[in-house]
Every structure is written in C-alpha cells, then in structure tokens.
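Numbering (our numbering), first residue to last: 220 to 422.
Note that the Cβ used here is the ideal one computed from N, Cα and C, for glycine as well.
The next block holds one structure in the form of structure tokens; read it before the comments.
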Amino acid sequence: VTLKSDLMSPEALWAMGRIGTAAVSPDGKQVVYQVSYYSVKENKSHTVLYIIHSAKVGKTIVKPVLLTSDGKSESDPSWIDGGKKIAFLRDGQLWRMNADGTGRVKLTNSKIDIEGYKFSPDGSKVILIKSLPYHESIKENPKDLPLATGRVVTDLNYRHWDHYVESVAHPFVANVNGDKVGDGDDILNGELYECPMAPFGGI
C-alpha cells in the first residue's frame with residue numbers, strides 16, 4: 220500500500236505494521252520483536268522478526284534490522300542460551316537462530332502445529348502448546364454426508380465468541396537435547412480442559 224496523504228484512512232491503517240511479541244536480551248542491550256504486515260490484495264498477513272539496540276550509539280539511533288529473510292512468517296521470539304540465541308516459531312515448528320539471523324536450526328518435527336512455547340530457566344526443557352481435537356466432528360466422517368454443515372451439541376462449551384470450539388490447547392513438556400526437541404508429554408492428557416485459555420491466555 221502506498222500512502223498519498225497524511226490523513227488517517229483505512230488504507231493508512233492497513234499499511235501500518237502491527238507490533239506483537241517483544242523480548243529484551245538478558246543484558247538489556249537488544250530487543251527482538253515481531254511485526255505483522257497485511258495485504259488487502261492477498262487477504263492475509265505476513266509476520267517478520269526485527270532486532271534493535273535499545274540504547275543510542277553516540278548521537279545516532281540504530282535502526283532495526285530485519286531478521287526474516289523470506290516470505291515465511293516468523294513469530295514469538297525469545298532469548299535462550301543466555302542471550303546467545305533467539306528461539307521463534309516458523310511453519311508451526313520451534314526454531315533457533317543466532318542474534319544476527321544466521322545459523323537457523325529447526326528444533327522440532329511435531330505433527331501438530333506448535334502455537335506457543337516457553338523454555339525452562341536452565342534450557343533443559345520446554346513447554347510446547349498444541350491444540351488437540353475437542354470431541355468428534357462431522358468433518359472427520361464426510362463420506363456419507365459430504366455437504367452437511369449441521370452439528371450435534373452435547374456440551375455447553377460448544378462456542379467461544381466468534382467460533383465453534385473444535386480444539387483445545389494443551390501444554391506438552393519436552394526435553395531439549397542439543398538441536399533436537401521431542402514431541403513432549405501432554406500434562407493434561409485425557410482432560411478436556413484447555414491451557415492456556417482462549418483467547419488471550421499465554422505462557
């Protein structure tokens with residue numbers, strides 16, 4: 220979107236990047252953060268990561284550096300390894316990279332998309348947030364009724380705000396073994412509770 224006026228308009232709002240998750244390095248000198256940009260034409264967003272020094276260098280303010288180098292979205296950055304590395308989410312998996320964006324390593328190969336995470340203080344374990352199916356859905360057996368949109372509701376918790384509840388978030392605790400992180404163990408296995416809770420729950 221190219222802005223041709225300094226007046227506030229819907230086009231101006233769409234052109235603005237939305238700043239999301241931010242994390243300050245352990246030494247307080249750098250901040251890594253995510254920004255989402257929206258395309259009206261493509262009807263989707265693209266989230267990228269930036270890093271910036273949090274202090275002035277002389278009389279010059281250092282400009283932020285773009286860490287995301289392709290069209291894939293990257294989000295939820297955090298500092299690990301004592302501030303030497305940055306963890307983040309990409310394509311539903313947990314990744315790690317150096318603070319300058321190099322040395323990218325995919326840590327997980329989860330069959331279920333990872334929606335959030337948090338490392339233990341010593342870095343030996345990590346909580347992975349994944350959404351699991353909530354009850355059965357007619358979508359799972361479409362052969363006899365391929366065009367059906369009906370629902371059979373047997374639970375009061377069938378809708379949340381603007382969507383039907385078809386999945387619930389569960390925390391999985393996984394071990395960190397160098398460049399590999401396993402699927403982890405569901406600490407709410409067999410429970411219909413969700414953790415973190417929608418829509419604003421975090422870890």
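Within 10 angstroms of the Cβ of residue i, are there 16 or more other Cβ atoms? Answer buried if so, exposed if not.
i: Ile333; result: buried
i: Gly409; result: exposed
i: Lys223; result: exposed
i: Thr287; result: buried
i: Leu313; result: buried
i: Tyr412; result: exposed
i: Tyr383; result: exposed
i: Met316; result: buried
i: Val372; result: exposed
i: Thr327; result: buried
i: Gly335; result: buried
i: Gly369; result: exposed
i: Gly403; result: buried
Measure the C-alpha to C-alpha separation of residue i and residue j and round it to an integer number of angstroms.
i: Leu226; j: Leu232; result: 11 Å
i: Lys325; j: Asn396; result: 13 Å
i: Ile271; j: Ser294; result: 16 Å
i: Gly421; j: Pro390; result: 11 Å
i: Ser244; j: Pro365; result: 51 Å
i: Ala166; j: Pro418; result: It is not possible to answer for residue 166, since the shown part of the chain is limited to 220 through 422.
i: Pro162; j: Asp310; result: Lying before the first or after the last residue shown, residue 162 is absent from the chain, which here runs from 220 to 422.
i: Trp298; j: Ile305; result: 5 Å
i: Phe338; j: His265; result: 25 Å
i: Gly301; j: Lys260; result: 41 Å
i: Asp319; j: Tyr257; result: 25 Å
i: Asp341; j: Ser273; result: 25 Å
i: Gly322; j: Leu375; result: 48 Å
i: Gly239; j: Pro361; result: 38 Å
i: Trp380; j: Ala367; result: 23 Å
i: Ala234; j: Asp398; result: 37 Å
i: Leu351; j: Arg378; result: 16 Å
i: Ile406; j: Cys414; result: 10 Å
Short check: CB of residue i to CB of residue j, under 9 Å?
i: Ser343; j: Asn262; result: no
i: Tyr214; j: Ser329; result: Outside the displayed span of the chain (220 to 422) sits residue 214, for which this structure offers no information.
i: Leu347; j: Phe307; result: no
i: Pro296; j: Ala242; result: yes
i: Lys303; j: Ile331; result: no
i: Val345; j: Val392; result: yes
Per DSSP, which residues does residue i bridge with? Please list them.
i: Ala306; result: Ser297 and Arg315
i: Pro352; result: Ser386
i: Thr266; result: Ser255
i: Leu364; result: Bridge partners of Leu364: none, in fact.
i: Tyr336; result: Leu347
i: Val400; result: Val395
Closer than 8 Å is the cut-off here; do at least three beta carbon pairs connect the stretch 288-304 with the stretch 249-269? yes
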